[in-house]
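There are 2 protein chains.
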Amino acid sequence: MTENPVNTQRGSRDEKKAGKSHHLGRTEEGRRVTSYDVAKAAGVSQSAVSRCYKQGGNVSDEMRAKVMKVARKLGFQPNAIARIMTTQRSNMVAVIMNNSTNLCYPELLVQLSRRFDERGVHMLLFTREQEKDIDNVLDQVWQYQIDGVICAARLSQQQALFFERRGIPLVFYNYYHRDFPASAICCDNEGGERMLVDGLYRAGHRSFAIVSGHKDVLVNVDRTQGALTRLHELGIGDIAVYVGDNSYDSGGRAFRALMRSSKGAPDALICANDAMAMGCMDVARYEYSLHIPEQLSVVGFDGVAMGTWPGYKLTTIEQPLEIMVEAAVNMLMERVDNPQLPPERRTYSGVFLRGESARMDLSTC
Amino acid sequence: MTENPVNTQRGSRDEKKAGKSHHLGRTEEGRRVTSYDVAKAAGVSQSAVSRCYKQGGNVSDEMRAKVMKVARKLGFQPNAIARIMTTQRSNMVAVIMNNSTNLCYPELLVQLSRRFDERGVHMLLFTREQEKDIDNVLDQVWQYQIDGVICAARLSQQQALFFERRGIPLVFYNYYHRDFPASAICCDNEGGERMLVDGLYRAGHRSFAIVSGHKDVLVNVDRTQGALTRLHELGIGDIAVYVGDNSYDSGGRAFRALMRSSKGAPDALICANDAMAMGCMDVARYEYSLHIPEQLSVVGFDGVAMGTWPGYKLTTIEQPLEIMVEAAVNMLMERVDNPQLPPERRTYSGVFLRGESARMDLSTC
DNA sequence: TTGTAGGCGTTATCAA
DNA sequence: TTGATAACGCCTACAA
């Protein structure tokens, strides 16, 4: 009896087709096939079956062969949920982002997915618009025994502490905090803006305006502040700053506000990201008939794909996204494996993209 | 003893700050706080605690108050993984997409996330480029006891059967199959193309070319075929079809190929999606100095945000994304709650966006 | 309304 | 190398 597995009919019929076939994976009564079912059918103990699925499991070759054969026949797959119960490790990470993050950087999620997949780690995705809505996310992360968190959104100190207190590793992506230490992967915003400002200044621009992003997002503050600081160093003050929300539309709105102001168009416009820069360019060209870069230089930040399209050819700083994502994933998984590791912040320099949206002189760069 | 919970010190210190505070949620020994810990501290049974967290649980008010108070103090949160073990329901769905899907429609993921969140359902995200890589996904979905699957990518019949055999509801988004029944949410591609072709024809266009997407993606086939069929009905044959891969770049490449061919530029170019249409427009304008729409009409399909930007003002069919996403989520969760429901395909009509990239005559529309 | 006890499907420890 | 057994933390009859 034990030599004759009971319910392999359907499974084996399917096996003819694909090399790696998919079985029903259910017993006659409709239960999922468990390691116990396999054990019974193979005439071995349940723990033997379990060991066959463990990396360095102490199993003889014949045992493994016997078990695997029956397992395949029954369509057995170890139950991940039960495994989490005993190992306390879910192989799931949470990715928290703003709605707008994915709209601006769709590539980010694709790359994260790729990197985590390489490690056999699964991504639970949380997108929230409001910071307060994130409180729910925290509870879910805890309840599902998530191994670690990548956060590409703003978190309050309270919220970041939630993870720290529970020993859940957290890595910020393009966000960080001044008030307390937390691991983060960032792009060198000040350095990038400095490069842009220098190039613009050398090319002769003397009047500047800035379109910044959300005030409370440090990445944006750093960019705006980086530009302002460098401009002051160069002896240029009295710079108008218009606030957008990182979206294309908000860039256009900011530009209209700028044009309506007493100052009018500057020589150069420094935008905190590419989306807003493109919004500015379109409004400048189509509503104010300005020639770019002859009458107005525009620079952005990010290096999104659309910026390179011939309608924009945006001069900008490209974030090394693949490298940053890989670093973020490594940093997180290192801490999942070794929670003792201290917080670490890593900053990557962006790459200058020349473009044609700004007159630039990079002689000494 | 039982009246005096042992380890509430840390938890209660944290409570001072936030209205909804986050507790450590661990015992002195570092274990997670379990319902059993709460029960012991409250001097009640473990099942009483469990019942307090169940919707219509049979619990007296005083019991609930007593338990909840202790639970809050200890930072107890029910363990979702253990719950899945007994209920056989994970409240997790898988979303399977191509890498390119998120690049083309970042809004899709944001909307899905929003809708699932409303139902307290979590999204496990899988992005795969190759169809064969999806086989791994199937196993993961099974092992993690995923409740249901939204698939915005192509699946082989074998792969779709994997889910059906195991009773895991599956809803395709903008994909479907001719060979076998499966639930799907689609946009009316033929209808949309017919509308576009009619408008172009009435405006006087007589020579047409088509840029299609992947041959084996039915949505693309439908669009291309829809346009071709209508053109034939109107007595127009001999239409060149160039194949892209739905990306902006491939649109440009297709257009170059078209221009290099003996036929040269047509009156109107019908692209299977907006991204390729924009690629065509840019190459037409910037490499061939063609005026759009005077010398060339271009239409797309999808209604992506960028198409409305002043550099493109693309004439296209907008998919009612929010409605389609809501329908997909409803359709899936209905089947999670009631697996007996038969497969259903729902098709939504798109909305014509006039744009300025094509000469159009919509007199009778 | 409350408590008791069995089960969900693994992994891990310990003998054999 | 293999097998028995005890967690893991919850839900759910069933009994009180």
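Chains as they are written, first to last, in the working numbering: chain X, 695 to 1059; chain U, 695 to 1059.
Glycine residues also receive a C-beta, built at the ideal position from the N, C-alpha and C atoms.
- For a Cβ distance threshold of 8 Å, residue set 793, 796, 797 and 821 of chain X lies close to residue 804 (chain U), ordered along the chain.
- Partner residues in the beta bridge of residue 867 (chain U), as assigned by DSSP, are U:879.
- For residue 1044 (chain X) against residue 1014 (chain X), the beta-carbon gap comes to about 7 Å, under 8 Å, which counts as contact.
- In this structure, residue 951 (chain X) sits away from residue 903 (chain X), with a CB-CB distance that is not shorter than 7 Å.
- Contact between residue 942 (chain U) and residue 893 (chain U) does not hold, since the beta-carbon distance rounds to 24 Å and is not under 8 Å.
- Contact of residue 771 (chain X) with chain U by beta-carbon distance below 8 Å involves 833, 836 and 837.
- Fewer than three Cβ pairs drawn from the segment 856–866 of chain X and the segment 795–810 of chain U lie within less than 8 Å of each other, which leaves the two stretches out of contact.
- Boundaries of the beta strand (DSSP E) around residue 904 (chain U): 902–906.
- Scanning the segment 995–1028 of chain U for uninterrupted beta strand (DSSP E) segments of 3 residues or longer gives 1010–1012, listed from N- to C-terminal end.
- Within a 10 Å sphere around the beta-carbon of residue 1017 (chain X) sit fewer than 16 other beta-carbons, which makes this residue exposed.
- Where residue 970 (chain U) is concerned, the enclosing alpha helix (DSSP H) starts and stops at 968–980.
- A contact is defined here as three or more CB-CB pairs under 8 Å, and the segment 1003–1012 of chain U meets this definition with respect to the segment 1050–1057 of chain U.
- In the DSSP assignment, residue 816 (chain X) falls within the unbroken beta strand (DSSP E) covering 816–821.
- A residue is called buried once 16 or more other Cβ atoms fall within 10 Å of its Cβ, and residue 995 (chain U) is buried on that count.
- Bridge pairing for residue 964 (chain X): X:904 and X:993 [DSSP].
- Chain-ordered, the chain X residues with CB closer than 8 Å to the CB of residue 860 (chain U) read 718, 719 and 720.
- For the segment 734–810 of chain X, the full-length beta strand (DSSP E) segments reaching 3 residues or more read 786–791 along the chain.
- Look at residue 895 (chain U) here: in three-state DSSP terms it is helix.
- When U:1022, U:827 and U:960 are compared, the shortest CA-CA separation from residue 809 (chain U) is found for U:1022.
- Among the bridge pairs identified by DSSP, residue 936 (chain X) is matched with X:905.
- With fewer than 16 other beta carbons inside 10 angstroms of its own, residue 751 (chain X) counts as exposed.
- A check of alpha carbon separations from residue 953 (chain X) across X:983, X:967 and X:924 identifies X:983 as the nearest.
- With fewer than 16 other Cβ atoms from the protein chains shown falling within 10 Å of its own Cβ, residue 926 (chain U) counts as exposed.
- In chain order, 1004 make up the part of chain U whose C-beta sits under 7 Å from the C-beta of residue 980 (chain X).
- For residue 828 (chain U), the enclosing alpha helix (DSSP H) covers residues 828–837.
- Taking 7 Å as the cut-off between beta carbons, none of the residues of the segment 919–940 of chain U comes near chain X.
- As computed with DSSP, residue 843 (chain X) is found in a beta bridge with X:788 and X:864.
- Within a 10 Å sphere around the beta-carbon of residue 1056 (chain X) sit fewer than 16 other beta-carbons, which makes this residue exposed.
- Here DSSP, grouped into helix, strand and coil, assigns residue 1047 (chain X) to strand.
- Each residue's CA atom was taken as its position, placing residue 1033 (chain U) and residue 832 (chain U) some 18 Å apart.
- DSSP places residue 1041 (chain U) in the uninterrupted beta strand (DSSP E) bounded by 1039–1042.
- Nearest CB-CB separation between residue 970 (chain U) and chain X: not below the 7 Å threshold.
- Note: residue 726 (chain X) is bridge-paired with X:720 in the DSSP secondary-structure output.
- With a beta-carbon spacing of about 6 Å, residue 851 (chain X) and residue 873 (chain X) fall inside the 8 Å limit used to define contacts.
- Against chain X, the beta carbon of residue 800 (chain U) has neighbours under 7 Å at 796, 797 and 800, listed in chain order.
- Interface criterion met: the Cβ of residue 818 (chain U) is under 7 Å from a Cβ in chain X.
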